[in-house]
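Notes for the one structure printed next.
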Amino acid sequence: ELQLKILGRILEGEFKAVHIALPMGSYTVVDGVQIRSKANVQGLRLLPPRLVEYLRKHNGLTEFAALAATTADSSGTLWSILGTAQHDVEGSPAYSKEHADWAQLWHQPAIIELVETGATKILVPLCKCGSPFGVHVDVLVSAKMPSLWIDGELACDHVVHEHLELEPDVRGIEHPPRISVLPIGLSVLLARAMVGEHRRRGPAQMSSKTP
Numbered sequence: 004e005l006q007l008k009i010l011g012r013i014l015e016g017e018f019k020a021v022h023i024a025l026p027m028g029s030y031t032v033v034d035g036v037q038i039r040s041k042a043n044v045q046g047l048r049l050l051p052p053r054l055v056e057y058l059r060k061h062n063g064l065t066e067f068a069a070l071a072a073t074t075a076d077s078s079g080t081l082w083s084i085l086g087t088a089q090h091d092v093e094g095s096p097a098y099s100k101e102h103a104d105w106a107q108l109w110h111q112p113a114i115i116e117l118v119e120t121g122a123t124k125i126l127v128p129l130c131k132c133g134s135p136f137g138v139h140v141d142v143l144v145s146a147k148m149p150s151l152w153i154d155g156e157l158a159c160d161h162v163v164h165e166h167l168e169l170e171p172d173v174r175g176i177e178h179p180p181r182i183s184v185l186p187i188g189l190s191v192l193l194a195r196a197m198v199g200e201h202r203r204r205g206p207a208q209m210s211s212k213t214p
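Next comes the structure, spelled out in structure tokens:
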């Protein structure tokens, strides 16, 4: 019922833009076993029941995110979807040979369909948004969304980052909320792009925390 209400509000054009941030636990590399592969993007077979249910929930939310994006397109509403950086692309700063087969949000059929119909995926280094860590995320944006930023301005130019340990494996287990590694600067970046403030700024306007 809640999802239908959200879709209805998007369809009616209530919003100028919609940002979708899904739970990333089942798509993230953690200090634990692999539960998705590129051959089984919605989940490996023979997993414990708690992980089967966990994957079912996340897969359903992914389908809803794609439907929300499609609905936004039909009403002329801008949209973006946030996910962990794709780590199976050789040459990418997010590439990980060890985890290249761990399927991510970007390998899901519903998300691939969005790309095939015009959406664009952009790699964002969080250190350019105020994070001390050398972590990247991918942001999928609608075809009509203004450029997130001028080419090259989001490239990491830091020599050293703080080390970020892999998250412990709490997938499918009730646990206290974890502190997000996403800096406020990322929200600022997305908000500015959504309202069209995406031109290069002068030195007086620059900030390491607000791209």
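Throughout, this note's numbering is defined as the position within the sequence shown, counted from one, plus 3.
Glycine included, each C-beta is placed from N, C-alpha and C at the ideal position.
1) For residue 79, I'd like the list of residues in its chain whose CB is within less than 8 Å of its CB, leaving aside the five on either flank, ordered along the chain.
2) Which residues does DSSP pair with residue 114 in a beta bridge?
3) Measure from the alpha carbon of residue 102 to the alpha carbon of each residue in 91, 109 and 95, then state which is nearest.
4) Leaving out five residues before and five after residue 27 in sequence, what residues of the same chain have Cβ atoms less than 6 Å from its Cβ?
5) Kindly say whether residue 107, judged by its beta-carbon, lies nearer than 8 Å to any beta-carbon of chain C.
6) Please give the ranges of any beta strand (DSSP E) in the region 86-141, keeping only runs that are unbroken, at least 3 residues long and fully inside the region.
7) Residue 125 and residue 144 look like a contact to me (Cβ under 8 Å); what is the Cβ gap, rounded to whole Å?
8) Which one of 165, 172 and 41 has the shortest CA to CA distance from residue 109?
9) For a quick check, are the C-beta atoms of residue 9 and residue 65 less than 8 Å apart?
10) What residue does the alpha helix (DSSP H) around residue 162 start on, and which one ends it?
11) On the DSSP letters alone, give me the boundaries of the alpha helix (DSSP H) that residue 187 sits inside.
12) Alpha helix (DSSP H) containing residue 230: first to last residue?
13) Which residues bound the alpha helix (DSSP H) around residue 6?
14) Sorted by chain position, which residues of the same chain lie with C-beta nearer than 6 Å to residue 74's C-beta, five sequence neighbours on each side aside?
15) When the Cα atoms are used, what is the spatial distance from residue 106 to residue 29?
16) Considering only DSSP beta bridges, list what residue 32 is partnered with.
17) In terms of DSSP beta bridges, what is residue 81 paired with?
18) Looking only at DSSP bridge pairs, what is residue 170 linked to?
19) Spatial neighbours of residue 23 within its chain, please: CB distance less than 8 Å, with the 5 preceding and 5 following residues excluded, ordered by chain position.
20) How many Å lie between residue 48 and residue 188 at the Cα?
Walking through what the data contain:
1) Counting only residues of its own chain and dropping the five nearest sequence neighbours on each side, residue 79 has a CB closer than 8 Å to the CB of 16 and 147.
2) When beta bridges are read from the DSSP output, residue 114 appears opposite no residue.
3) In terms of Cα proximity to residue 102, the closest of 91, 109 and 95 is 91.
4) Scanning its chain for C-beta atoms nearer than 6 Å, with the 5 sequence neighbours on each side dropped, one finds around residue 27 the residues 87, in chain order.
5) In the displayed structure, chain C is absent; only one protein chain is listed.
6) Counting whole runs of 3 or more residues, the region 86-141 contains the beta strand (DSSP E) stretches 123-128.
7) Taking 8 Å as the upper bound for CB-CB distance, residue 125 and residue 144 are in contact here, some 7 Å apart.
8) In terms of CA proximity to residue 109, 41 leads the group 165, 172 and 41.
9) At the C-beta level, residue 9 and residue 65 stay beyond 8 Å of one another.
10) It is not in any alpha helix (DSSP H) - residue 162 carries neither H nor E in the DSSP assignment.
11) Note, residue 187: alpha helix (DSSP H), 187-197.
12) Past the edges of the chain, shown from 4 to 214, lies residue 230, and the structure says nothing about it.
13) Per DSSP, residue 6 belongs to the alpha helix (DSSP H) from 5-14.
14) Apart from sequence neighbours up to five positions away, the residues of its chain that approach residue 74 with a beta-carbon distance below 6 Å are 10, 13 and 14, ordered along the chain.
15) Looking at the two C-alpha atoms, the distance is approximately 9 Å.
16) None, per the DSSP bridge assignment.
17) In the DSSP assignment, residue 81 is bridged to 20.
18) Residue 170 is bridged to 33.
19) Cβ-Cβ distances below 8 Å link residue 23 to 68, 71, 72, 82, 83, 84 and 85 in the same chain, with the five nearest sequence neighbours on each side left out; the list follows chain order.
20) Near 39 Å, if we compare the C-alpha coordinates of residue 188 and residue 48.
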